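Each remark here refers to the structure printed beneath this line.
Numbering (our numbering), first residue to last: 48 to 145.
Structure follows, in structure tokens:
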């Protein structure tokens, strides 16, 4: 049996931990820019998913307000792209270093 490369071993490990693209939570985090656009994605990040609530951190109150104003559109886009997640709400927190 040939030795596996480090990349292959990492892929196997990530798949076993469900940290690969097959996990919709991981896919959503990786593709956040597709959901909210590049400007918003630069200033926000997903910090958790609790039940049907997506928790997002914004680096400034202005970006938190923008997320708040677009909650419905964000939920609709996530429901379209990742229906298995069952996201119904978005909660926004403010903090630095997104």
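Ideal Cβ placement from N, Cα and C applies to all residues, glycine included.
Everything numeric in this text was worked out from a predicted model, so none of it was measured.
The three-state secondary structure of residue 124, taken from DSSP, is helix. Separation of residue 129 and residue 51 (C-alpha to C-alpha, rounded to the nearest whole angstrom) is 32 Å. Counting only the Cα atoms, residue 77 lies some 19 Å from residue 120. For residue 97, the number of other beta carbons within 10 angstroms of its own is below 16, and it is reported as exposed. Taking the Cα positions, residue 94 is about 11 Å away from residue 142. By the beta-carbon neighbour count (other beta carbons within 10 angstroms, threshold 16), residue 54 is exposed. Residue 101 counts as buried, since no fewer than 16 other beta carbons sit within 10 angstroms of its beta carbon. Only buried fits residue 104, as 16 or more other CB atoms lie within 10 angstroms of its CB. Beyond the five residues adjoining it in sequence on each side, residue 132 comes within less than 6 Å, by CB distance, of 71 in the same chain, given in chain order.
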